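Under the UniProt record's numbering, the first residue of the sequence shown is numbered 1, with each subsequent residue one higher.
A quick write-up on the structure given underneath.
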Amino acid sequence: MATPVSSGPRERRLPEPERIEGLVRRLRQVPDRQRRFSVTPAQARRVHGIRHDLLAALTAAGVPYVGQGGEQLYDAYDLGNAALHLGRLSVQSRSMRAWAKAWQTALDQAPGHRVEVVSGCPAPGHPGPCRYGVLLGGRRRQVEGPASEARLGELHATPVTRDWPQLPSAVRELLQEVGDVGFFLLPEAVRWDPEFLWRTRMSDCGGAAAWLVHEGGRRGLESRFSFGLLVAAPYSTPHCWAEFRVDGVWVPVDPLLLQALNAWGGLSREAFPPEGTPGALFHRLTGRFTKVVSHGGIWAQVSLPTERTG
């Protein structure tokens, strides 16, 4: 299902045609109308680590694109998934490795982190100052700032505990039901669709979390959805996960993240099984999916520079 990130010499080899074709068949289950063709071949190599020969093989296998004669444009989700599942050294795989390292450090040392919130205007040129809505401390605060490189605030993330309660058998059984669902980067229109998840056996952390919370509640388990930060230096990232209340403690679960870190982050499945808790990585902000920064009702891009504080 997933291939660990390969070393340099191996990465220069093309994967077997059967692997490429099998992956493209899965990617084609995402409807074409959800694709945004914006990635050039040069960007495919620079951002996703997909060289010309692999891009040609993906194209021949049927990965969607628009344009002709060296002017083709590809979908960023398709190429991001290809980079991960075919073992390229990409932005995504580097992130996985950084998260895995942060988790190992958190288990050993339980450090705190300072996270800075930096954003910019999504519609520059409007009259008046930029007024940003920043999700900090469990509520959205209004902050005025410049149109670019707006430093809007900071938060301090510390681990909730180092001794998470063991998940009861009912929760572990629930997690096993998504055990054969593969981790994929997905567009918004399908990532939250449970029918897509079960028909394709493809999801991301957010989609799986939403299903786990819904199904857990249906089975009488005390569950909640969480949106917040996956905290790791040098940059944290917005993230979604599920939580189950065990012995009075909300225990985070994220089996697809565990699957990804086992496959591409270098964490062993024996030491970090999918039913484990990555709670040491998470800082909860709210109970619904949203953006960390908004601007005039529009979601704004955000950067989250992060440094350890202890």
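Note that beta-carbon positions come from the ideal geometry of N, C-alpha and C, so glycine has one too.
Keep in mind it's a predicted model, so treat the numbers as computed, not measured.
Reduced DSSP secondary structure (H/G/I, E/B, other) of residue i
i	result
Val-30	coil
Leu-185	coil
Ala-2	Residue placement at Ala-2 is poorly supported in this model, since its pLDDT is 49, which falls under 50; the coordinates are not used for a value here.
Ile-50	coil
Ser-90	coil
Leu-175	helix
Val-213	helix
Ser-148	coil
Gly-228	strand
Limits of the beta strand (DSSP E) - the one that residue i falls within
i	result
Thr-237	237 to 246
Ser-131	Going by the sequence as given, residue 131 is Arg instead of Ser. Looking at the DSSP string, the run of the beta strand (DSSP E) that includes Arg-131 is 130 to 136.
Leu-285	282 to 286
His-126	Unbroken run through His-126: none, as it is neither H nor E.
Residue j beta carbon less than 9 Å from that of residue i
i	j	result
Ala-242	Asp-254	yes
Pro-15	Ala-56	no
Leu-174	His-85	no
Tyr-77	Pro-238	no
Arg-88	Leu-54	yes
Trp-192	Gly-206	yes
Pro-252	Gly-216	no
Asp-180	Arg-199	no
Opposing strand residues paired with residue i [DSSP bridges]
i	result
Glu-116	Glu-154
Met-202	Gly-182
Arg-45	Its beta-bridge partners do not exist; DSSP assigns none.
Leu-73	Val-66
Nonlocal neighbours in the same chain, by C-beta distance under 6 Å from residue i, ignoring five residues either side
i	result
Val-293	Ser-119, Tyr-132, Val-134, Ala-300 and Val-302
Leu-185	Tyr-77, Gly-80 and Asn-81
His-283	Ala-157, Gly-228, Leu-229 and Val-231
Val-171	Phe-244
Start and end residues, alpha helix (DSSP H) containing residue i
i	result
Ser-38	Where Ser-38 is concerned, there is no enclosing alpha helix (DSSP H), although the beta strand (DSSP E) it sits in stretches over 37 to 39.
residue 369	Nothing about residue 369 can be read from this structure; the chain reaches only from 1 to 310.
Leu-79	76 to 85
Beta-carbon proximity list for residue i, same chain, < 8 Å, skipping 5 on both sides
i	result
Arg-140	Gly-133, Val-134 and Ser-294
Cβ shell of residue i (< 7 Å), same chain only, five flanking positions each side left out
i	result
Trp-99	Leu-230, Ala-232, Leu-261, Gly-265 and Leu-281
Ser-38	Leu-73 and Ala-76
Asp-204	Phe-183, Phe-184, Leu-185, Leu-186, Arg-191 and Leu-256
Val-160	Gly-279
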